[in-house]
Amino acid sequence: MAKKPNKDDILSKIRKQGSGTSGGDASAADAAAEKPKAAPAGGPADIMAKIRAQGASGSSSGAAEEKPAAAKKAAPKSPADIMAAIRSQGGGDAGASAAKSADAPVKKAAAAAAPAGDLPPVDEMLRQMKAGKVSGGEAAVAAAPAKPALKVPVRPAKKSAAAGASTRRGFVSWFAAAWVLLTVTSATWVLGLARFMFPNVIVEPPSQFKIGSPSDYPLGTVSTKWTAARGIWVVHTDQYKGKSLIYALASVCTHLGCTPSWLEGEQKFKCPCHGSGFYMTGINFEGPAPRPLERVGLAVAPDGMLEVDKSVKFQEEKGQWEDAKSFVDASLV
Ligand code: FES
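Counting from 38, one number per residue, gives the positions in the sequence shown under this note's numbering.
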């Protein structure tokens, strides 16, 4: 396997070509021969001129003609490409087959490292390098596409004074609504407390009241005039112990408190609830009622009117009917 020529071998080879009369057209050879007169052979400028002259003449060497068309089309554009081309030329002098096998990876690497269109042509790069304006790296940097500008995040704008005022107004409105609600609730509680201080009062008629003259209640009658309004019957009878007495009976059944009815045809009080019956005198005689009806206070007022006092009750079973306040002797009035 042929040894890969290094840079010194390539330069020495080129110097030998420049000093001798190797293959190539006559003009290029003359130009290469005339160069040493103007400057010492072997300088970088001379080497590059030699390479350019060989490229222009189409490289009369057989090895160069055998290069693939694809390799010729991919012209070297970077220093790495130039060095690869130089190596390929040097290898061509030593042997075309050996150069092909040795330089193929280098050419592929150069082609991959320098895609067409990213860098200026090699002639332009060499011209700039000779002029000393930019170096190879600078030319590549200058030809490289510009990086996209960094996007700086925009800081959000602060809330405006109008937005702050709107927020404050919303807070004030909610605050006012809360105060109104609290006030209404407090007022309701105060009104409820005041109503509690003044409870409902059942207005009852006075327990003492006048029912008229004794002559308004004839003997042997039961008056129901005051039953509905005052809850009493006014009885004038002589059936109780043979005395003509006027008294007032409470219209309350002694069984469970219902209101009996006076039955004029039957001359008795009849309770509609459980059927208890009472005589005109008030003595119970039928039904579940356990005792006689109760009397209330009755007296003759100074004006001669009968006056009832419901605040006092008189029970027969207790002997209270003997009390003078429980009746009015009709024979005395
Ligand atoms: Fe009068 Fe029962 S309440 S009989």
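Every residue, glycine too, gets a C-beta built ideally from N, C-alpha and C.
Task: Status (buried if at least 16 other CB within 10 Å, exposed otherwise) for residue 201 - done: Stepping through the sequence shown from its first residue, residue 201 is reached at position 164. When all chains shown are included, residue 201 counts as exposed.
Open item on the list: Just to confirm, is the Cβ distance from residue 330 to residue 365 under 8 Å?
Closed with: To locate residue 330, count along the sequence shown from 1; it is residue 293. To locate residue 365, count along the sequence shown from 1; it is residue 328. No, Cβ-Cβ distance for residue 330 and residue 365 is not below 8 Å.
Task: Run of the beta strand (DSSP E) containing residue 188, from where it starts to where it stops - done: Position 151 of the sequence shown holds residue 188. Per DSSP, residue 188 belongs to no beta strand (DSSP E) and is neither H nor E.
- [ ] Please confirm whether any heavy atom of the ligand FES lies closer than 7 Å to the CB of residue 313.
- [x] Sequence index remark: in the sequence shown, residue 313 carries index 276 (1-based). Yes, since a heavy atom of the ligand FES falls inside the 7 Å radius drawn around the Cβ of residue 313.
- [ ] Starting from the C-beta of residue 254, find all residues in its chain whose C-beta is less than 6 Å away, skip the five residues before and the five after it, and write them out in chain order.
- [x] In the sequence shown, counting from the first residue as 1, residue 254 sits at position 217. Cβ within range, chain order: 260, 271, 273 and 283.
Open item on the list: If I follow the unbroken alpha helix (DSSP H) through residue 351, where does it start and stop?
Closed with: In the sequence shown, residue 351 corresponds to position 314, counting from 1. Per DSSP, residue 351 is not a residue of any alpha helix (DSSP H); the beta strand (DSSP E) it occupies stretches across 343-351.
Open item on the list: Three Cβ pairs or more, each shorter than 8 Å: is that satisfied between the segment 312-325 and the segment 288-303?
Closed with: yes
TODO: Return the CA-CA distance between residue 319 and residue 327, expressed in angstroms with no decimal places.
DONE: For the purposes of this step, residue 319 is taken as the residue at position 282 of the sequence shown. For the purposes of this step, residue 327 is taken as the residue at position 290 of the sequence shown. Distance between the alpha carbons of residue 319 and residue 327: 12 Å.
Task: Residue nearest to residue 43 in terms of C-alpha spacing, selected from 90, 122 and 85 - done: To locate residue 43, count along the sequence shown from 1; it is residue 6. Answer by Cα proximity: 122.
TODO: With a cut-off of 8 Å on the beta carbons, I'd call residue 349 and residue 248 a contact; round off their distance for me.
DONE: Taking the sequence shown and counting its residues from 1, one reaches residue 349 at position 312. Taking the sequence shown and counting its residues from 1, one reaches residue 248 at position 211. Not a contact, Cβ separation roughly 16 Å.
Open item on the list: In the DSSP assignment, the beta strand (DSSP E) including residue 323 goes from what residue to what residue?
Closed with: Counting from 1 along the sequence shown, the entry for residue 323 is found at position 286. 321-323 is the span of the beta strand (DSSP E), which, as asked, contains residue 323.
Task: Length-filtered (3 minimum) beta strand (DSSP E) runs lying within the segment 214-276 - done: If we require 3 residues or more, the beta strand (DSSP E) runs fully inside the segment 214-276 come out as 245-249, 258-260 and 269-274.
Task: residue 163: first and last residue of the uninterrupted alpha helix (DSSP H) it sits in - done: By one-based count along the sequence shown, residue 163 stands at place 126. Going by DSSP, residue 163 is part of the alpha helix (DSSP H) stretching over 159-168.
Open item on the list: Under 7 Å: does the beta carbon of residue 319 sit that close to some heavy atom of the ligand FES?
Closed with: On the sequence shown, residue 319 is found 282 positions in, with the first residue counted as 1. Judged by the Cβ position, residue 319 fails to qualify as a neighbour of the ligand FES at the 7 Å threshold, every heavy atom of the ligand being at least this far.
Task: As assigned by DSSP and simplified to three states, the class of residue 364 - done: Taking the first residue of the sequence shown as 1, we reach residue 364 at position 327. Coil.
Task: Identity of the residues DSSP links to residue 333 by a beta bridge - done: Locating residue 333 in the sequence shown gives position 296, counting from the first residue. In the DSSP output, where bridge partners are listed per residue, residue 333 has 285 and 350.
Task: Distance, residue 285 Cα to residue 278 Cα - done: Residue numbering aside, residue 278 sits at position 241 when the sequence shown is read from its first letter. Residue numbering aside, residue 285 sits at position 248 when the sequence shown is read from its first letter. Rounded to whole angstroms, residue 278 to residue 285 spans 16 Å at the Cα level.
Open item on the list: Beta-carbon within less than 6 Å of residue 186's beta-carbon, same chain only, minus the 5 sequence neighbours each way: which residues are those?
Closed with: Reading the sequence shown from its first residue, position 149 is the one you call residue 186. Around residue 186: no qualifying Cβ.
Open item on the list: Could you give the first and the last residue of the continuous beta strand (DSSP E) run that contains residue 307?
Closed with: The residue you call residue 307 lines up with position 270 of the sequence shown. Unbroken beta strand (DSSP E) run through residue 307: 305-307.
Task: Extent of the continuous beta strand (DSSP E) to which residue 300 belongs - done: Within the sequence shown, residue 300 is the residue found at index 263, counting from 1. Counting along the chain, the beta strand (DSSP E) containing residue 300 begins and ends at 298-300.
Task: residue 74, buried or exposed, once every other Cβ within 10 Å from all chains shown has been counted against 16 - done: By one-based count along the sequence shown, residue 74 stands at place 37. Only weak support is given to the placement of residue 74: the predicted model assigns it a pLDDT of 43, under 50, and the value that follows is read from those uncertain coordinates. The residue in question, residue 74, is exposed, as its Cβ has fewer than 16 Cβ neighbours within 10 Å.
Open item on the list: Could you check whether residue 338 and residue 251 sit closer than 8 Å to each other, using their CB atoms as the reference points?
Closed with: In the sequence shown, counting from the first residue as 1, residue 251 sits at position 214. In the sequence shown, counting from the first residue as 1, residue 338 sits at position 301. It is not a contact, given that the beta carbons lie outside the stated cut-off.
Task: Own chain, CB closer than 7 Å to residue 70, minus 5 neighbours either side, in chain order - done: Here residue 70 corresponds to residue number 33 of the sequence shown, with the count starting at 1. Its pLDDT being 43, under 50, residue 70 is placed unreliably in this model, and the coordinates cannot settle the point.
- [ ] Determine the closest residue to residue 322 out of 163, 295, 291 and 355, with distance taken between C-alpha atoms.
- [x] What you label residue 322 is simply residue 285 of the sequence shown in a count that begins at 1. In this structure, 291 is the residue among 163, 295, 291 and 355 with its C-alpha nearest to the C-alpha of residue 322.
Task: Bridge partners - residue 312, DSSP secondary structure assignment - done: Position 275 of the sequence shown, counted from the first residue, corresponds to residue 312. Residue 312 pairs with nothing; no bridge assigned.
Task: Alpha-carbon to alpha-carbon, residue 207 and residue 230 - done: Taking the first residue of the sequence shown as position 1, residue 230 is located at position 193. Taking the first residue of the sequence shown as position 1, residue 207 is located at position 170. Approximately 35 Å, taken between the alpha carbons.
TODO: Using three-state DSSP, classify residue 66 as helix, strand or coil.
DONE: Within the sequence shown, the letter at position 29 stands for residue 66. Confidence in residue 66 is poor, its pLDDT being 42 and thus under 50, which makes the residue's placement too unreliable to answer from.
- [ ] Return the residue from the list 369, 332, 343 and 237 that minimises the CA-CA distance to residue 355.
- [x] Stepping through the sequence shown from its first residue, residue 355 is reached at position 318. Nearest to residue 355 by alpha-carbon distance, out of 369, 332, 343 and 237, is 332.
Task: 7 Å Cβ shell around residue 299 - same chain, five flanking residues per side excluded - done: Taking the first residue of the sequence shown as position 1, residue 299 is located at position 262. Result list for residue 299: 259, 261, 270 and 306, in chain order.
TODO: Leaving aside the five residues before and after residue 276 along the sequence, list all residues of the same chain whose C-beta is less than 8 Å from its C-beta, in chain order.
DONE: Reading the sequence shown from its first residue, position 239 is the one you call residue 276. Once the five neighbours on either side are set aside, the close Cβ partners of residue 276 are 316, 317 and 318.
Open item on the list: Classify residue 203: buried if its beta carbon has 16 or more other beta carbons within 10 angstroms, exposed otherwise.
Closed with: Indexing the sequence shown from 1 puts residue 203 at position 166. By the neighbour-count rule (16 or more Cβ atoms within 10 Å), residue 203 is not buried but exposed.
TODO: Kindly examine the ligand FES and report whether one of its heavy atoms sits closer than 7 Å to the Cβ of residue 326.
DONE: As a working note, residue 326 is residue 289 in the sequence shown. At least one heavy atom of the ligand FES is nearer than 7 Å to the Cβ of residue 326, so yes.
TODO: Compute every distance between the C-beta of residue 293 and the non-hydrogen atoms of the ligand FES, then say whether any falls below 7 Å.
DONE: Here the question's residue 293 lines up with position 256 in the sequence shown. At a threshold of 7 Å, residue 293 counts as near the ligand FES, since its beta carbon sits closer than that to one of the ligand's heavy atoms.
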